[in-house]
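Residue numbering for the sequence shown follows the numbering used here, starting at 276 and increasing by one per position.
We treat Cβ as the ideally placed atom computed from N, Cα and C, and that holds for glycine.
Structure first, commentary second.
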Amino acid sequence: MSARSPLSVVFLLHIALEAPLAISAFWSPASIPFLQMTNTTLVLLKLYTAFTAATCVMTLLVHPLPEFLPGKRALAIGLCIYHSVASTVLFQAPRFIPHSFGPLFESLKVTPEVVWGTLHGLLGLAMVVWWQGTLGYVAMARKTA
276 MSARSPLSVV FLLHIALEAP LAISAFWSPA SIPFLQMTNT TLVLLKLYTA FTAATCVMTL
336 LVHPLPEFLP GKRALAIGLC IYHSVASTVL FQAPRFIPHS FGPLFESLKV TPEVVWGTLH
396 GLLGLAMVVW WQGTLGYVAM ARKTA
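Spelled out as structure tokens, the structure:
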């Protein structure tokens, strides 16, 4: 059994979800199309961007590492909590993205916030799947140690 699992792609999926906003908000936070942006929300967006960029770098660095390493597993739990909370917040948020997928999707309550929340929820679930799917690697490492 190799020390790497194909389930580690979940770390790259985190980058795919987070990097576009992180890059956009880093270069020009005022250009992000959120409703009712103030100086305070711009500062918070910049702080969020720093956090998001840091997690993207961390996931890029841990992706090739063996599955049994405690640091990789700790990052996965942290990302699971982050994506679960982000999903809940986005589902409960009032409309703040002034875009629409059209009248049909609006009638079905499919808004950008709901789609973004769904993606975060799926990524949080994927982190749990990675955790459970790689427990065998941890057991194997424990036996050889």
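Checklist entry - Using CA coordinates, which residue listed in ILE372, LEU296, ALA291 and ASN314 is at the minimum distance from PRO387? => result ILE372
Checklist entry - Are the Cβ atoms of THR327 and ALA297 separated by less than 8 Å? => result yes
Next on the checklist: I believe PHE286 touches THR334 by the beta-carbon criterion, under 8 Å. Please report the beta-carbon distance rounded to the nearest angstrom.
Outcome noted: 4 Å
Checklist entry - Comparing alpha-carbon positions, which option in MET415, THR363 and GLY408 lies nearest VAL284? => result GLY408
Item to check | Enclosing alpha helix (DSSP H) for MET312 [first to last residue] | outcome: Premise fails: MET312 is in no alpha helix (DSSP H) and is neither H nor E.
Item to check | Per-residue DSSP class, three states only, for ILE372 | outcome: coil
Next on the checklist: To the nearest angstrom, how far is the alpha carbon of ALA294 from that of LEU288?
Outcome noted: 10 Å
Checklist entry - By the 10 Å Cβ neighbour count, where 16 or more other Cβ atoms means buried, how is LEU398 classified, buried or exposed? => result buried
Next on the checklist: Here's the rule: buried if 16 or more other CB atoms are within 10 angstroms of the residue's CB, otherwise exposed. What is GLY392?
Outcome noted: buried
Checklist entry - In angstroms, rounded to a whole number, what distance separates the CA positions of LEU354 and ALA401? => result 10 Å
Checklist entry - Are GLU342 and SER280 close, meaning C-beta to C-beta below 8 Å? => result yes
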